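**Student:** Pasting a structure here, questions to come.
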Amino acid sequence: MELTCPDCGKNFEIEESQQAHEKQAAALKAQQEESQIETQRLLEQQKQQLVEAQDSIVQDAVNKKVEEQLIESKDRLMKEVQEKAELDTQRLLKEQKEQLAKDQDALVEAAVSKQLEEKQAGALKLQQQNLEQQTQLMLDKKDREREEQMRVKDSQHKLDKERLAIKINELQAKMQRDQ
């Protein structure tokens, strides 16, 4: 290749090897620049992939942790609900037992009261019958006593009458004798 000096106007011929060397150097430099650009691009791409992978790992870990917490929370809530349901069931059973005991006591008390009333009514009826019998016996006794008294009075009256009649007869006889 020929080059002309601008000052002196002389022509120079440059060896091809140097030119080839420069071309090679330029090509190598261009290749290095491209390689460096490609390396930077690949590094950026790997960096981006690494960030995405880390984000994915972090997201997976967060999701797993959230899922574990949800499961724990669900299990805890289920346990609390079961415990509350069990306590409510026990409380209701206790209340039902107490109510049943009260109802049974009320039924027993009602039956005992009814039986007692029936016995009292029977005893009262028997007592009333006994009282009526005693009253009747007393009335009968009084009637007999009255009748006895009447008989005694009648007998006494009869005796008195007979005595009076005898005295009257005696007096009449005496009066007749005295006349």
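Here the working numbering is used: the first residue of the sequence shown is 1059, the next is one more, and so on.
Beta carbons: idealized from backbone N, C-alpha and C, even for Gly.
On a predicted model such as this, the values are computed, not experimentally measured, just so you know.
(1) With which residues is residue 1069 paired in a DSSP beta bridge?
(2) How many angstroms separate the CA atom of residue 1091 from the CA atom of residue 1103?
(3) How is residue 1140 classed by DSSP in three states: helix, strand or coil?
(4) Rounded to the nearest angstrom, what separates residue 1124 and residue 1110 at their Cα positions?
(5) Using the three-state DSSP reduction, which class does residue 1237 fall into: helix, strand or coil?
(6) Contact defined as beta carbons within less than 8 angstroms: I believe residue 1069 pairs with residue 1060. What is the distance between those atoms, to the nearest angstrom?
**Tutor:** So, to answer that:
(1) Numbered from 1 along the sequence shown, position 11 holds the residue referred to as residue 1069. Note: residue 1069 sits in a beta bridge opposite 1062.
(2) To locate residue 1091, count along the sequence shown from 1; it is residue 33. To locate residue 1103, count along the sequence shown from 1; it is residue 45. So the alpha carbons of these two residues sit roughly 18 angstroms apart.
(3) In the sequence shown, counting from the first residue as 1, residue 1140 sits at position 82. If DSSP states are grouped into helix, strand and coil, residue 1140 belongs with the helices.
(4) As a position in the sequence shown, residue 1124 is number 66, starting the count at 1. As a position in the sequence shown, residue 1110 is number 52, starting the count at 1. One alpha carbon belongs to residue 1124, the other to residue 1110, and they sit about 20 angstroms apart.
(5) Taking the sequence shown and counting its residues from 1, one reaches residue 1237 at position 179. Residue state, collapsed to three classes: coil.
(6) Along the sequence shown, read from residue 1 onward, the residue named residue 1069 stands at position 11. Along the sequence shown, read from residue 1 onward, the residue named residue 1060 stands at position 2. The Cβ separation is near 5 angstroms, so the contact holds.
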